[in-house]
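*Asks:* Mind having a look at this structure? Questions to follow.
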Amino acid sequence: MAGGGAEEMTYYEQEVRRLAASVYPRGELTRQVIAAKEYIDTHFAESLGLGKVAQRAMISKFHFLRLFKLHYGVTPHQYLTTVRLREARRLLLEGTPVAEVCTAVGFDSVSSFKGLFKRYWGATPASWKKSNFRDRAGGKV
Amino acid sequence: MKIKLCSVMVDDQKKALRFYTEILGFVKKREIPMGEHAWLTVVSPEEQDGTEVVLEPMGFPPARVFQKELYESGIPWTAFQVDDIVKEYERLKGLGVVFRMEPTSMGPTTLAVLDDTCGNNIQIYQVR
Numbered sequence: 000m001a002g003g004g005a006e007e008m009t010y011y012e013q014e015v016r017r018l019a020a021s022v023y024p025r026g027e028l029t030r031q032v033i034a035a036k037e038y039i040d041t042h043f044a045e046s047l048g049l050g051k052v053a054q055r056a057m058i059s060k061f062h063f064l065r066l067f068k069l070h071y072g073v074t075p076h077q078y079l080t081t082v083r084l085r086e087a088r089r090l091l092l093e094g095t096p097v098a099e100v101c102t103a104v105g106f107d108s109v110s111s112f113k114g115l116f117k118r119y120w121g122a123t124p125a126s127w128k129k130s131n132f133r134d135r136a137g138g139k140v
Numbered sequence: 000m001k002i003k004l005c006s007v008m009v010d011d012q013k014k015a016l017r018f019y020t021e022i023l024g025f026v027k028k029r030e031i032p033m034g035e036h037a038w039l040t041v042v043s044p045e046e047q048d049g050t051e052v053v054l055e056p057m058g059f060p061p062a063r064v065f066q067k068e069l070y071e072s073g074i075p076w077t078a079f080q081v082d083d084i085v086k087e088y089e090r091l092k093g094l095g096v097v098f099r100m101e102p103t104s105m106g107p108t109t110l111a112v113l114d115d116t117c118g119n120n121i122q123i124y125q126v127r
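Respectively, the protein sequence lines represent chains A and B.
Numbering follows numbering that gives the first Met the number 0, in which position 63 of the first sequence is assigned residue number 62; successive positions increment by one, without gaps.
Numbering follows numbering that gives the first Met the number 0, in which position 28 of the second sequence is assigned residue number 27; successive positions increment by one, without gaps.
Take a look at the structure:
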């Protein structure tokens, strides 16, 4: 990426570069963590454990867990849950039944899916679908 | 309680509306006359029911001091997310936008800072 000499840089750019060098000193580790995150983005519907994702990053499980949190502010499991629940909303908007959505996004249990969905989005899948799918469908569910 | 608005202080609302719509690509959501100024907001075309950016007239003189100091130090007033920062950077450069920080990596995030021509630095960012 581009960048001029320090004399041309604003105070903000100097701070960004200083922080980047201090918080993310090893570019290859960042690239490995990003690759693992992108793996979660595309394989969220599968059974994904920490070991499997860490293996993709070629980093030991506990080191990966720490690095992922450093890069994204959440654990890989929390990130996976967010991706699944975001996808669940998309499928609900398409009219997919709740039980089908649950399995399609990678959850094993409908009850834990419903509980997590409510905690994240503030409504159960059925009530969220009722209010949002109706809007999409122009008043028809 | 919901977050529906964020404000950008601008020196000229008409100029700001042109920059934020014709250059950045947002769309006007509301324009309600309020005396010499207007309640003027724009939204992302991808999220037209999403958070509105209020293009707020710089009507309180002490705020100019704060805005000027932020501008001179290169600190962004606010930030907008993009899907592909290199593509967006090139598109905006092509439209004559001045960048005060070119795309710069910070871990999984790439940041760039542009001049909105209305007194502010605006950051665009992509999280990979």
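Note that CB positions come from ideal geometry on N, CA and C, so glycine has one too.
What are the complete alpha helix (DSSP H) segments, minimum 4 residues, inside the segment 77-127 of chain A?
*Replies:* 97-103 and 109-120
*Asks:* Determine the burial state of Met-57/A: buried for a count of at least 16 other Cβ atoms within 10 Å of its Cβ, exposed for fewer.
*Replies:* Sequence index remark: in the first sequence, residue 57/A carries index 58 (1-based). Exposed: under 16 other Cβ atoms inside 10 Å.
*Asks:* Please identify the residue among Leu-66/A, Gln-31/A and Trp-127/A whose C-alpha is closest to the C-alpha of Pro-96/A.
*Replies:* Within the first sequence, residue 96/A is the residue found at index 97, counting from 1. Nearest C-alpha to Pro-96/A: Trp-127/A.
*Asks:* Measuring alpha carbon to alpha carbon, tell me which residue in Val-82/A, Glu-99/A and Glu-86/A is nearest Lys-36/A.
*Replies:* Here residue 36/A is taken as the residue at index 37 of the first sequence, counted from 1. Measuring from the Cα of Lys-36/A, the nearest candidate turns out to be Val-82/A.
*Asks:* Does chain A have any CB closer than 9 Å to the CB of Ile-31/B?
*Replies:* Position 32 of the second sequence, counted from the start, is the residue given in the question as residue 31/B. The beta carbon of Ile-31/B does not come within 9 Å of any beta carbon belonging to chain A, so the residue lies off that interface.
*Asks:* For Tyr-124/B, name the three-state secondary structure that DSSP assigns.
*Replies:* In the second sequence, counting from the first residue as 1, residue 124/B sits at position 125. In the structure shown, Tyr-124/B falls within a strand segment according to DSSP collapsed to helix, strand and coil.
*Asks:* Under 8 Å Cβ to Cβ from Glu-99/A, same chain only, skipping five residues before and after it: list those, please.
*Replies:* Walking along the first sequence from the start, residue 99/A turns up at place 100. Same-chain partners within the cutoff: Leu-90.
*Asks:* Please list the segments of the alpha helix (DSSP H) lying wholly inside the segment 61-114 of chain B, counting only runs of 4 or more residues, in order along the chain.
*Replies:* Taken in chain order, the complete alpha helix (DSSP H) segments of 4 or more residues contained in the segment 61-114 of chain B are 84-93.
*Asks:* What are the partner residues of Ser-6/B, as DSSP defines its beta bridges?
*Replies:* Numbered from 1 along the second sequence, position 7 holds the residue referred to as residue 6/B. Answer is Val-53/B, bridged to Ser-6/B.
*Asks:* Note the first and the last residue of the continuous alpha helix (DSSP H) segment covering Leu-16/B.
*Replies:* In the second sequence, residue 16/B corresponds to position 17, counting from 1. Segment 12-17, the alpha helix (DSSP H) holding Leu-16/B.
*Asks:* Quick check: what's the CA-CA separation for Ser-59/A versus Ala-53/A?
*Replies:* Counting from one through the first sequence, the residue named residue 59/A turns up at place 60. Counting from one through the first sequence, the residue named residue 53/A turns up at place 54. Distance from the CA of Ser-59/A to the CA of Ala-53/A, rounded to the nearest whole angstrom, comes to 6 Å.
*Asks:* Starting from Ile-33/A, find everything on chain B with Cβ-Cβ shorter than 8 Å and list it in chain order.
*Replies:* If you number the first sequence from 1, residue 33/A lands on position 34. Under the 8 Å cutoff, chain B gives Pro-107 and Arg-127.
*Asks:* Could you give the residue range of the alpha helix (DSSP H) that holds Glu-14/A?
*Replies:* On the first sequence, position 15 is the one that residue 14/A refers to. Run containing Glu-14/A: 10-22, per the alpha helix (DSSP H) assignment.
*Asks:* Going by beta-carbon coordinates alone, are Asp-115/B and Ile-123/B separated by less than 9 Å?
*Replies:* The count along the second sequence starts at 1 and reaches residue 115/B at position 116. The count along the second sequence starts at 1 and reaches residue 123/B at position 124. No, the Cβ-Cβ distance between Asp-115/B and Ile-123/B is not below 9 Å.
*Asks:* Have a look at Phe-98/B and Phe-112/A and give me their C-alpha separation to the nearest angstrom.
*Replies:* As a first step, residue 98/B must be located in the second sequence, where it is residue number 99. As a first step, residue 112/A must be located in the first sequence, where it is residue number 113. Between Phe-98/B and Phe-112/A, the C-alpha separation is close to 45 Å.
*Asks:* Please report the straight-line C-alpha distance between Glu-93/A and Asn-131/A, rounded to a whole angstrom.
*Replies:* Translated into positions along the first sequence, residue 93/A becomes position 94. Translated into positions along the first sequence, residue 131/A becomes position 132. For Glu-93/A and Asn-131/A, the distance between alpha carbons rounds to 10 Å.
*Asks:* Give the single residue among Tyr-19/B, Phe-65/B and Gln-47/B whose Cα lies nearest to the Cα of Ile-74/B.
*Replies:* Against the second sequence, residue 74/B aligns to sequence position 75. The candidate whose alpha carbon is nearest that of Ile-74/B is Phe-65/B.
*Asks:* Using beta carbons (cut-off 9 Å, strictly below), is Gly-118/B in contact with chain A?
*Replies:* As a working mapping, residue 118/B is identified with position 119 in the second sequence. Output row for Gly-118/B: interface = no.
*Asks:* Three-state secondary structure (DSSP) at Thr-116/B?
*Replies:* On the second sequence, residue 116/B is found 117 positions in, with the first residue counted as 1. Reduced to three states, the DSSP call for Thr-116/B is coil.
*Asks:* Which residues in chain A sit within 7 Å of Arg-99/B, going by Cβ to Cβ distance?
*Replies:* Numbered from its first residue, the second sequence carries residue 99/B at position 100. Those are Thr-9, listed as they occur along chain A.
*Asks:* So, are the CB atoms of Val-7/B and Ala-15/B less than 9 Å apart?
*Replies:* The residue labelled residue 7/B in the question sits at position 8 within the second sequence. The residue labelled residue 15/B in the question sits at position 16 within the second sequence. In this structure, Ala-15/B lies closer than 9 Å to Val-7/B by Cβ.
*Asks:* Between Tyr-119/A and chain B, is any beta-carbon pair separated by less than 9 Å?
*Replies:* Your numbering for residue 119/A matches position 120 in the first sequence. No, Tyr-119/A does not count as interfacial toward chain B.
*Asks:* At which residues does the beta strand (DSSP E) containing Glu-37/A begin and terminate?
*Replies:* As a first step, residue 37/A must be located in the first sequence, where it is residue number 38. No beta strand (DSSP E) contains Glu-37/A, which is instead part of the alpha helix (DSSP H) from 26-42.
*Asks:* Helix, strand or coil for Ile-22/B? Go by DSSP, reduced to three states.
*Replies:* Mapped onto the second sequence, residue 22/B falls at position 23. In the structure shown, Ile-22/B sits in a helix (DSSP, three-state: H, G or I).
*Asks:* Once you ignore the five residues that flank Glu-45/A on each side, which residues in its own chain have a CB closer than 7 Å to its CB?
*Replies:* Taking the first residue of the first sequence as 1, we reach residue 45/A at position 46. Cβ within range, chain order: Gly-105.
*Asks:* Under three-state DSSP, which class holds Val-73/A?
*Replies:* Translated into positions along the first sequence, residue 73/A becomes position 74. Coil.
*Asks:* For Thr-77/B, count the other beta carbons within 10 Å of its own beta carbon; 16 or more makes it buried, fewer makes it exposed. Which is it?
*Replies:* Translated into positions along the second sequence, residue 77/B becomes position 78. Thr-77/B should be labelled exposed.
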